[in-house]
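Chemist: One structure is given below, represented as structure tokens, and several questions about it will come after.
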Amino acid sequence: MKRDAEELLKELCPDLNITKSSKEWVQRAEQVVAKTTQSRDIYPVVDHTQGEGPWIYDLKGNQYLDMTAGVAVRALGFRNPVVKDFEQRINGYLREVPGHDFDLIPQTLLAERLVGITPGDHEKEVFFTTSGGRAVESAVKSVMDNSHKFRFIAFRPAFHGRTGYALALTASKHAHKDFYPQGLDVIRGPYPYCFRCPFGQEEKSCSLECVQYLRDSIEFGGTDIAAIVVEPICGEGGIIPAPVKWFKEIRKLADELETRIISDEVQAGLGRTGKWWGIEHGDIIPDYICTAKALGGGFPFGATIGPKPLFTDFSRHSETFGAEPYVSLLSLSVIRTIEQDELLDNATKRGRQILKGLREIQESSNIVADVRGRGLMCAIEFVTDKKTNTIDSQKRDAVLNNAVNKQRLWILGAGRNCIRFLPPLNITSDQIDIALERFGKAVKSVK
Ligand SMILES: Cc1ncc(COP(=O)(O)O)c(C=O)c1O
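Using my numbering, read the sequence shown as starting at 7 and increasing by one per residue.
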């Protein structure tokens, strides 16, 4: 029989004060847990002891359908049998050996696997990290180490992480950047946010004025570019897929400048968009791919895959916890399951189902302005009304609140006025139907 979260905690931490009410845990967290991204006004305390597939629970036992997969982390959902089986098999083995200080078979196997699913004929190698931001920073360091160039191109909006070089590339919210000195010289271009094109163009007929703008910026800002860092689908900025013609122009620009393209696939990678890598939708070959989130099967893990040699000498870069055997083997199980269970195909099909359902909701609502996405990376954009298309974050938050607290649909915002859908890659058609029905009710509740 299942014990509740507090009971289990009493066993694990008999010396600590384990209280019973959800409200009290919120107050205690407010006292001692630093502010991060949690919105305590919307999301209840999650029961860390139960959950399966796309289902999670709060401390009161309410069940939620999770359309976030822990922000694209749990590609196979919670407590997937593959992960449970893996945990049992590995029980008793040495798990915690540093992968950067010694060679270990699991990391070599995983590196081979990652290189095998990465496009491009160039000789590649892999650097393992413990987060997405670090995967991006490793690519940045690799490019600088090899080219001795220090200037980068990045876009607006863009999210690449919150520390060091990654933060310098990020342009997502001023709260991320205010008062933090930036560690890189970055020339910024507009991301092809076609629904709100800053040049007033339509995607079908435009002449990529955004790329021309970027070319002008380089002309003034410096052509000695080390790399162009791009999200294949802008994630935190509002799940914005870039058009193929834009990718082609960016590749052309990179070739002219003799510069690298770093594809930040931390959110979009590892099958989420229906292909292994989001940039494959753009039909270009990037030089580097950065991945994390889904890679570790729920554990902190990331990787930078890029041209050999990533670093010109020993100790140019390393991480204490990089590539430990447990997480490397778990990662191999995740990749194998995505392949064996045809989850790329499922992501494509279920993604279409989500977009179709969201478009139906859009038709009958005056506050939904745009629906977009690729595979299981979809978003819906909220406005004051369809006539003005004015960005409305309050309406978005009201829908979010209703969805979570009334409909028991666990979803997340993105950008200033969007809600995103990032369910596990093995989500079923029936589960998507339930999610759409609940979401439709949440949208209807907001005028
Ligand atoms: C595209 C992208 N890059 C980098 C990051 C940073 O990843 P982490 O929080 O693991 O450092 C994120 C996180 O959301 C992301 O979406």
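Think of the CB as a built atom: it goes at the ideal place given N, C-alpha and C, for glycine as much as any other residue.
Being a predicted model, the structure only gives us computed values, none of them experimental.
Quick check on this structure: which residue in D184, V235 and C216 has the alpha carbon closest to the alpha carbon of K251?
Modeler: Within the sequence shown, residue 251 is the residue found at index 245, counting from 1. Among D184, V235 and C216, the Cα nearest to that of K251 belongs to C216.
Chemist: Would you kindly check if the distance between the Cβ of T135 and the Cβ of T310 is under 8 Å?
Modeler: The count along the sequence shown starts at 1 and reaches residue 310 at position 304. The count along the sequence shown starts at 1 and reaches residue 135 at position 129. Yes, the Cβ-Cβ distance between T310 and T135 is below 8 Å.
Chemist: Put N416 into one of helix, strand or coil per three-state DSSP.
Modeler: Within the sequence shown, residue 416 is the residue found at index 410, counting from 1. The sequence given here has Trp at residue 416, not Asn. Here W416 sits in strand by DSSP.
Chemist: Is it the case that the CB of H166 approaches a heavy atom of ligand 1 more closely than 7 Å?
Modeler: Against the sequence shown, residue 166 aligns to sequence position 160. Yes - ligand 1 has a heavy atom lying nearer than 7 Å to the Cβ of H166.
Chemist: Alpha carbon to alpha carbon, how far is R162 from Y186? Give it in angstroms, no decimals.
Modeler: One-based indexing of the sequence shown puts residue 186 at position 180. One-based indexing of the sequence shown puts residue 162 at position 156. Cα to Cα, Y186 sits roughly 18 Å from R162.
Chemist: In the DSSP assignment, find the unbroken alpha helix (DSSP H) run with I367 in it and report its ends.
Modeler: Residue numbering aside, residue 367 sits at position 361 when the sequence shown is read from its first letter. Residues L349 to E369.
Chemist: Taking 7 Å as the cut-off, is the beta-carbon of E369 closer than that to any non-hydrogen atom of ligand 1?
Modeler: Working through the sequence shown from its first residue, we reach residue 369 at position 363. For ligand 1, not one heavy atom lies less than 7 Å from the Cβ of E369.
Chemist: Look up V272 in the DSSP assignment and say whether it is helix, strand or coil.
Modeler: By one-based count along the sequence shown, residue 272 stands at place 266. DSSP places V272 in coil when its eight states are reduced to three.
Chemist: If you drop the 5 nearest sequence neighbours on each side, which residues of the same chain put their C-beta closer than 7 Å to that of F305?
Modeler: For the purposes of this step, residue 305 is identified with residue 299 of the sequence shown, where counting begins at 1. Within the same chain, F305 has close Cβ partners V333 and L336.
Chemist: How big is the Cα-Cα spacing for F158 and H323?
Modeler: Translated into the one-based positions of the sequence shown, residue 158 becomes position 152. Translated into the one-based positions of the sequence shown, residue 323 becomes position 317. Going from the Cα of F158 to the Cα of H323 covers about 19 Å.
Chemist: At what residue ranges does the stretch 169–222 contain a whole run of the alpha helix (DSSP H), taking only runs of 4 or more?
Modeler: Counting only runs of 4 or more, we get 170–175 and 180–183.
Chemist: Determine the contact status of T279 and I239, defining contact as a CB-CB distance below 8 Å.
Modeler: Sequence index remark: in the sequence shown, residue 279 carries index 273 (1-based). Sequence index remark: in the sequence shown, residue 239 carries index 233 (1-based). Cβ atoms of T279 and I239: closer than 8 Å.
Chemist: Leaving out the 5 sequence neighbours to the left and right, which residues in its chain are closer than 6 Å to A329 when beta-carbon positions are compared?
Modeler: Start at 1 with the first residue of the sequence shown, and residue 329 comes out as number 323. Correct list, in chain order: G105, Q113 and F134.
Chemist: Between R404 and V452, how many whole angstroms is the CB-CB distance? I'm expecting something under 8 Å.
Modeler: The count along the sequence shown starts at 1 and reaches residue 404 at position 398. The count along the sequence shown starts at 1 and reaches residue 452 at position 446. Going by the sequence as given, residue 404 is Ala instead of Arg. Right, the Cβ-Cβ distance comes to about 5 Å (below 8 Å), so this counts as a contact.
Chemist: State the Cα-Cα distance for the pair K447 and A409, rounded to the nearest angstrom.
Modeler: Within the sequence shown, numbered from 1, the residue matching residue 447 stands at position 441. Within the sequence shown, numbered from 1, the residue matching residue 409 stands at position 403. Going from the Cα of K447 to the Cα of A409 covers about 8 Å.
Chemist: Going by DSSP, what residue range makes up the beta strand (DSSP E) through E143?
Modeler: Indexing the sequence shown from 1 puts residue 143 at position 137. Segment G138 to S153 is the alpha helix (DSSP H) holding E143; no beta strand (DSSP E) there.
Chemist: With respect to 7 Å, is the separation between the Cβ of A11 and the closest non-hydrogen atom of ligand 1 below this value?
Modeler: Taking the sequence shown and counting its residues from 1, one reaches residue 11 at position 5. No; taking the cut-off as 7 Å, the Cβ of A11 has no heavy atom of ligand 1 nearer than that.
Chemist: Please report the straight-line C-alpha distance between T326 and I96, rounded to a whole angstrom.
Modeler: In the sequence shown, counting from the first residue as 1, residue 326 sits at position 320. In the sequence shown, counting from the first residue as 1, residue 96 sits at position 90. Roughly 22 Å between the two C-alpha positions.
Chemist: Can you round the beta-carbon distance between G433 and R356 to whole angstroms, since I take them to be within the 8 Å contact cut?
Modeler: Taking the first residue of the sequence shown as position 1, residue 433 is located at position 427. Taking the first residue of the sequence shown as position 1, residue 356 is located at position 350. As written in the sequence, residue 433 is Ile, which differs from the Gly given in the question. Correct: roughly 5 Å between the Cβ atoms.
Chemist: Determine, using beta-carbon pairs with one atom in the stretch 365–380 and one in the stretch 13–25, whether at least three such pairs fall under 8 Å.
Modeler: No: fewer than three Cβ pairs fall under 8 Å.
Chemist: Taking the DSSP output, what are the residues bridged to Q69?
Modeler: Indexing the sequence shown from 1 puts residue 69 at position 63. Per DSSP, Y63.
Chemist: Tell me the residue span of the alpha helix (DSSP H) that contains E443.
Modeler: As a position in the sequence shown, residue 443 is number 437, starting the count at 1. S435 to K450 is the span of the alpha helix (DSSP H), which, as asked, contains E443.
Chemist: Using only the alpha-carbon positions, how far apart do S213 and T176 sit?
Modeler: Locating residue 213 in the sequence shown gives position 207, where the first residue counts as 1. Locating residue 176 in the sequence shown gives position 170, where the first residue counts as 1. Roughly 26 Å between the two C-alpha positions.
Chemist: At a cut-off of 7 Å, would you count S137 as near ligand 1, judging by its Cβ distance to the nearest heavy atom?
Modeler: As a working mapping, residue 137 is identified with position 131 in the sequence shown. S137: yes, Cβ under 7 Å from ligand 1.
Chemist: With distances taken from CA atoms, which of S371, I245, A300 and G284 is nearest L418?
Modeler: Counting from one through the sequence shown, the residue named residue 418 turns up at place 412. Ranking S371, I245, A300 and G284 by Cα distance to L418 puts I245 first.
Chemist: Could you tell me whether any non-hydrogen atom of ligand 1 is closer than 7 Å to the CB of L273?
Modeler: As a first step, residue 273 must be located in the sequence shown, where it is residue number 267. The residue you asked about is not Leu; residue 273 is Gln in the sequence shown. True, at least one ligand heavy atom lies under 7 Å from that Cβ.
Chemist: Can you find the residues in the same chain that come closer than 8 Å, C-beta to C-beta, to K64, ignoring five residues on each side of it along the sequence?
Modeler: Here residue 64 is taken as the residue at index 58 of the sequence shown, counted from 1. In the sequence under discussion, the amino acid at residue 64 is Asp, which differs from the Lys named in the question. Closer than 8 Å at Cβ, skipping near neighbours: S28, P50, V51, V52, D53 and Y70.
Chemist: How about the stretch 293–303 and the stretch 266–275: do they share at least three Cβ pairs that are nearer than 8 Å?
Modeler: With a cut-off of 8 Å, the stretch 266–275 and the stretch 293–303 count as touching, because enough Cβ pairs lie within range.
Chemist: Taking A117 as part of the alpha helix (DSSP H), name the residues at either end of that continuous run.
Modeler: Taking the sequence shown and counting its residues from 1, one reaches residue 117 at position 111. Segment I111 to G122, the alpha helix (DSSP H) holding A117.
Chemist: Do P249 and P204 have their C-beta atoms within less than 8 Å of each other?
Modeler: To locate residue 249, count along the sequence shown from 1; it is residue 243. To locate residue 204, count along the sequence shown from 1; it is residue 198. Cβ distance not < 8 Å, so P249 and P204 don't count as in contact.
Chemist: Counting C-beta neighbours from all protein chains within 10 Å, is the total for D376 16 or more, i.e. buried, or is it exposed?
Modeler: Position 370 of the sequence shown, counted from the first residue, corresponds to residue 376. Burial call: buried.
Chemist: If you draw a straight line from the alpha carbon of K450 to that of C200, how long is it in whole angstroms?
Modeler: One-based indexing of the sequence shown puts residue 450 at position 444. One-based indexing of the sequence shown puts residue 200 at position 194. The straight-line gap from Cα to Cα measures roughly 26 Å.
Chemist: Take G67 as the anchor and find which of P87, T43 and E12 has the nearest alpha-carbon.
Modeler: Here residue 67 is taken as the residue at index 61 of the sequence shown, counted from 1. Checked all of P87, T43 and E12; the closest Cα to G67 is E12.
Chemist: The beta strand (DSSP E) with I290 in it runs from where to where?
Modeler: As a first step, residue 290 must be located in the sequence shown, where it is residue number 284. Premise fails: I290 is in no beta strand (DSSP E) and is neither H nor E.
Chemist: Please report how far the alpha carbon of D10 lies from the alpha carbon of V389, in whole angstroms.
Modeler: For this step, residue 10 is matched to residue 4 along the sequence shown. For this step, residue 389 is matched to residue 383 along the sequence shown. For D10 and V389, the distance between alpha carbons rounds to 41 Å.
Chemist: Can you tell me whether DSSP reads I239 as helix, strand or coil?
Modeler: Walking along the sequence shown from the start, residue 239 turns up at place 233. Three-state result, I239: strand.
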